[in-house]
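Visitor: Dumping the structure here so I can ask a few things about it.
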Amino acid sequence: MTHDALNWDPLLIQRYNRPGPRYTSYPTAVDFLTVADDHIERQAYAERVATRPLSLYVHIPFCAHVCYYCGCNKIVTKRREQAEPYLRLLKDEIAKKSALLGGGLVNQLHFGGGTPTFLSDEQLQELMAFLRRHFTFSENSKADFSIEIDPRELRHNTLSMLRAEGFNRISFGVQDLDPDVQAAVNRIQPESMIRAVMTEARSLGFHSINMDLIYGLPLQTLDGFSRTLNTIIELTPDRLSVFNYAHLPERFKPQRRIQADDLPDASTKLAILGRCIQQLGEAGYHYVGMDHFALPTDELAQLQQQGRLHRNFQGYTTHSDCDLIGLGVSSISQIGDYYLQNQVTVDAYEHALNQQQLPNLKQRQLTLDDKIRRKVITELLCHLAINLSDLNDEFGIDSRVYLADSIAELKPMLTDGLLAWQGHTLHVTDKGRLLVRNACMAFDRYLSEHQQQRFSRAI
Ligand SMILES: C[S@@+](CC[C@H](N)C(=O)[O-])C[C@H]1O[C@@H](n2cnc3c(N)ncnc32)[C@H](O)[C@@H]1O
Ligand code: SF4
3 MTHDALNWDP LLIQRYNRPG PRYTSYPTAV DFLTVADDHI ERQAYAERVA
53 TRPLSLYVHI PFCAHVCYYC GCNKIVTKRR EQAEPYLRLL KDEIAKKSAL
103 LGGGLVNQLH FGGGTPTFLS DEQLQELMAF LRRHFTFSEN SKADFSIEID
153 PRELRHNTLS MLRAEGFNRI SFGVQDLDPD VQAAVNRIQP ESMIRAVMTE
203 ARSLGFHSIN MDLIYGLPLQ TLDGFSRTLN TIIELTPDRL SVFNYAHLPE
253 RFKPQRRIQA DDLPDASTKL AILGRCIQQL GEAGYHYVGM DHFALPTDEL
303 AQLQQQGRLH RNFQGYTTHS DCDLIGLGVS SISQIGDYYL QNQVTVDAYE
353 HALNQQQLPN LKQRQLTLDD KIRRKVITEL LCHLAINLSD LNDEFGIDSR
403 VYLADSIAEL KPMLTDGLLA WQGHTLHVTD KGRLLVRNAC MAFDRYLSEH
453 QQQRFSRAI
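Counting in my numbering, the sequence shown runs from 3 upward without gaps.
Next comes the structure, spelled out in structure tokens:
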């Protein structure tokens with residue numbers, strides 16, 4: 003889908019461009035409630051449908067260098083030995099959760115961070131062996147075992163070791179190839195490095211290779227980012243995540259090292275996004291939505307077409323039938339109708355585990371109302387439509403009455419042609435695709451004006 007097909011209208015986009023959540027969950031993580039102990043998490047494990055397969059998320063929080071734009075939960079350190087005590091805690095958590103789960107079949111695994119390859123190759127191998135001793139890893143070819151890779155943090159054999167350990171998908175942090183932009187954000191990684199890791203990953207048989215890019219970084223220009231995109235298109239990753247740089251220096255300390263004057267202004271940023279959609283569309287990439295693009299041959303694009311796409315804390319996902327088990331600091335689990343977030347600091351995480359507790363910091367148990375609204379939001383984000391008759395059948399409600407307030411809030415978007423009714427189905431039009439989260443916000447009953455300011459803008 004190109005920029006023309008999206009009915010590009012800069013004035014309209016700017017008018018609707020307000021802060022809001024990206025809905026990797028509903029209710030969103032800011033609405034999770036702090037817990038006193040781990041009894042709710044234990045309850046979630048006790049109520050779990052034991053036959054459901056698992057998706058494991060493992061958080062490795064360390065980075066050897068700081069990127070000034072970064073908004074991730076990470077610990078920047080040169081002291082590699084810091085990984086050892088963390089790995090001991092992580093294994094303790096894995097053993098505790100595996101005992102509660104009685105093992106379990108793992109259909110999906112994701113190592114994220116921070117930088118997972120901050121760990122040495124031996125540490126990564128040992129961690130995988132430990133996980134395999136505590137869970138059964140699916141042999142099915144549809145199983146996804148993925149890892150986030152900072153191209154600067156790879157040893158000679160790391161990629162082949164990861165492939166041998168069963169990883170079949172990979173995501174590279176690229177951000178921008180322009181040397182001036184890279185210098186301004188303290189992340190130097192020459193184009194030759196990106197080409198080399200991409201070639202190696204392909205030859206090792208990784209599939210669904212993703213690259214992360216960011217638009218809105220300091221010193222970025224329309225032509226500069228367009229050149230980056232041309233090179234990326236030549237490298238043909240299967241998926242692309244093109245994130246909007248969220249500049250929130252009050253919240254993320256490293257961002258204070260970015261000069262506000264160096265940031266592209268709002269209209270340049272919007273032009274960069276427009277060019278990006280245009281260029282990727284012309285190169286055959288399908289716009290999945292919310293920062294994500296995929297080649298038509300990729301499962302993400304195919305499942306969207308078949309109406310089988312889902313969304314979780316890692317963004318769009320193809321595994322909807324799994325309970326998600328978060329491991330490591332700040333990770334989030336989704337078990338049945340419970341969301342559970344781990345302690346964020348290593349100290350608090352360690353303290354809880356040493357007290358023989360699960361390291362739970364926050365939770366949210368979904369009410370029926372949450373489930374109805376989650377369904378609407380997920381369908382809008384994944385399939386750009388919600389059929390109210392289906393909703394009535396699934397939840398035994400009259401959704402036009404039940405959601406009357408939210409539906410009334412959509413009026414301006416309907417008038418502006420961003421949404422349209424077709425019988426009982428509310429559709430996001432092509433023109434509305436970039437602004438779909440505004441529609442989702444109308445169904446979010448927790449979103450106050452005050453809360454909105456905690457989020458970044460859509461564009
Ligand atoms: C955990 S990192 C990926 C793995 C590895 N640490 C790396 O940087 O290559 C996740 C991604 O989040 C994105 N990201 C980080 N901070 C961001 C920000 N402030 N705004 C937008 N995207 C951001 C980057 O694209 C980054 O690749
Ligand atoms: S972008 Fe990645 S490597 Fe850079 S500081 Fe953030 S988590 Fe670490």
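Where is the CB? At the ideal position from N, CA and C, for every residue including glycine.
Could you spell out where the alpha helix (DSSP H) holding glutamine 222 opens and where it closes?
Guide: Per DSSP, glutamine 222 belongs to no alpha helix (DSSP H) and is neither H nor E.
Visitor: For phenylalanine 139, which residues from the same chain have a beta carbon less than 6 Å from its beta carbon, with the 5 sequence-adjacent residues on both sides left out?
Guide: Counting only Cβ-Cβ distances below 6 Å, and skipping sequence neighbours, we find Val108.
Visitor: Can you check DSSP and say which residues form a bridge with tyrosine 59?
Guide: Beta-bridge pairing links tyrosine 59 to His112, Gly328.
Visitor: Report yes or no: do three or more beta-carbon pairs, one from the segment 269-287 and one from the segment 195-210, lie closer than 8 Å?
Guide: Output reads no: the segment 195-210 does not touch the segment 269-287.
Visitor: Can you tell me whether DSSP reads glutamine 184 as helix, strand or coil?
Guide: The answer is helix: DSSP assigns glutamine 184 an H, G or I state.
Visitor: What residue range does the alpha helix (DSSP H) around histidine 1 cover?
Guide: Missing from the structure shown is residue 1; the chain here goes from 3 to 461 and no further.
Visitor: In its own chain, which residues sit with a C-beta less than 6 Å from the C-beta of glutamate 352, not counting the 5 before and 5 after it?
Guide: Cβ neighbours of glutamate 352 beyond the five flanking positions: Leu91.
Visitor: For aspartate 94, I'd like the list of residues in its chain whose CB is within less than 7 Å of its CB, leaving aside the five on either flank, ordered along the chain.
Guide: Excluding positions up to five away in sequence, the list reads Leu355.
Visitor: For glutamate 252, which of Ala262, Ser243, Val244, Asn246 has the nearest alpha-carbon?
Guide: The residue with the shortest Cα to Cα distance from glutamate 252 is Ala262.
Visitor: Quick check on this structure: which residue in Asp33, Gln336, His41 has the alpha carbon closest to the alpha carbon of leucine 360?
Guide: Minimum Cα distance to leucine 360 is reached at His41.
Visitor: Under 8 Å: does the beta carbon of lysine 76 sit that close to some heavy atom of ligand 1?
Guide: The answer is yes for lysine 76.
Visitor: Looking at ligand 1, does it come within less than 8 Å of tyrosine 318, judged from the CB to the closest heavy atom?
Guide: No, ligand 1 has no heavy atom inside 8 Å of this Cβ.
Visitor: What are the residues that DSSP puts in a beta bridge with methionine 213?
Guide: DSSP, once it has assigned bridges, lists Phe174, Leu242 as partnering methionine 213.
Visitor: Report buried or exposed for glutamine 280, applying the criterion of at least 16 other Cβ atoms within 10 angstroms of its Cβ.
Guide: Classification for glutamine 280: buried.
Visitor: What is the C-beta distance between asparagine 440 and methionine 415, in whole angstroms, given that I count them as a contact (C-beta under 8 Å)?
Guide: Contact flag correct, Cβ pair sits at about 6 Å.
Visitor: Using a 10 Å radius around the Cβ and a threshold of 16 neighbouring Cβ atoms, would you call tyrosine 448 buried or exposed?
Guide: That one is exposed.
Visitor: Helix, strand or coil: how does DSSP classify valine 199 here?
Guide: Of the three classes helix, strand and coil, the one that applies to valine 199 here is helix, per DSSP.
Visitor: Using 8 Å for Cβ pairs, my map puts leucine 156 next to glycine 106. What's the rounded Cβ distance?
Guide: Going by Cβ atoms, the distance from leucine 156 to glycine 106 rounds to 31 Å, so no, they are not a contact pair.
Visitor: Quick one: does the C-beta of tyrosine 71 sit closer than 8 Å to a heavy atom of ligand 1?
Guide: Yes, the beta carbon of tyrosine 71 sits closer than 8 Å to at least one heavy atom of ligand 1.
Visitor: DSSP state of isoleucine 149, grouped into three classes?
Guide: Of the three classes helix, strand and coil, the one that applies to isoleucine 149 here is strand, per DSSP.
Visitor: Candidates Val78, Tyr247, His67: which alpha carbon is nearest asparagine 188's?
Guide: Checking every option, the nearest Cα to that of asparagine 188 belongs to His67.
Visitor: Let me confirm a value: valine 51 is counted as buried when at least 16 other C-beta atoms fall within 10 Å, else exposed. Which label applies?
Guide: Classification of valine 51: exposed, given that the 10 Å Cβ count is below 16.
Visitor: Using only the heavy atoms of ligand 1, determine whether one of them is closer than 8 Å to the beta carbon of glutamate 150.
Guide: Result yes, Cβ under 8 Å from ligand 1.
Visitor: Is the distance from the Cβ of alanine 273 to the Cβ of glutamine 16 below 9 Å?
Guide: Taking 9 Å as the Cβ cut-off, alanine 273 and glutamine 16 do not qualify as a contacting pair.
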